[in-house]
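Shown next, in structure tokens, is the structure this report addresses.
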Amino acid sequence: AAEKPDLIEVTDKYTLSLIGAMVRKNKFGSLGRPVVVHFSCERMDDNFGAYLSKGRLGVWFARWLMGNFLLPSFDHHIANSTYTADEFFEAADPSKRSKL
């Protein structure tokens, strides 16, 4: 019997985040349309600051990526702390996302 999950949870902002968009666009037709949840344990802007750019460009790019790609790719988002969750609210605010 084929598996038909009710829920798919992804805890990754980089490689596995594509699964959310693919399920939402029905790229895995045999799955049906399960609820897709993103669980966040870290902030993307912190990762960009640690490894790529600590300046405004890194913060802008992280917010842009979160607001335009990650947020709409999932049905729900869960964060492990208020600090981590704040990044989602910042990315959802177009005025904060568009300023460089």
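The numbering used here numbers the first residue of the sequence shown as 647 and each following residue consecutively.
Beta carbons: idealized from backbone N, C-alpha and C, even for Gly.
Practice prompt. Write down every uninterrupted run of the beta strand (DSSP E) in the segment 679 to 723 whose length is 3 residues or greater and which is fully enclosed by it, in chain order.
Written response: 681 to 686
Practice prompt. Please state if the CB of residue 734 and the CB of residue 686 are separated by a distance shorter than 9 Å.
Written response: Locating residue 686 in the sequence shown gives position 40, where the first residue counts as 1. Locating residue 734 in the sequence shown gives position 88, where the first residue counts as 1. In this structure, the beta-carbon distance from residue 686 to residue 734 falls below 9 Å.
Worksheet item: So the beta strand (DSSP E) residue 664 belongs to, where does it begin and stop?
Response: Here residue 664 refers to the residue found at position 18 of the sequence shown. Note, residue 664: premise wrong, no beta strand (DSSP E); alpha helix (DSSP H) at 664 to 670.
Discussion item. Using only the alpha-carbon positions, how far apart do residue 724 and residue 671 sit?
Written reply: Here residue 724 refers to the residue found at position 78 when the sequence shown is read from its first residue. Here residue 671 refers to the residue found at position 25 when the sequence shown is read from its first residue. Residue 724 and residue 671: Cα-Cα distance of roughly 21 Å.
Worksheet item: For residue 730, which three-state DSSP category applies?
Response: Within the sequence shown, the letter at position 84 stands for residue 730. Residue state, collapsed to three classes: helix.
Item to complete: Give a yes or no on whether the C-beta atoms belonging to residue 730 and residue 689 are separated by under 9 Å.
Response: As a first step, residue 730 is located in the sequence shown; it is residue number 84 there, counting from the start. As a first step, residue 689 is located in the sequence shown; it is residue number 43 there, counting from the start. For residue 730 and residue 689, yes; Cβs fall inside 9 Å.
Fill in: residue 725 - partner residues in DSSP beta bridges
Start at 1 with the first residue of the sequence shown, and residue 725 comes out as number 79. Its beta-bridge partners are 686.
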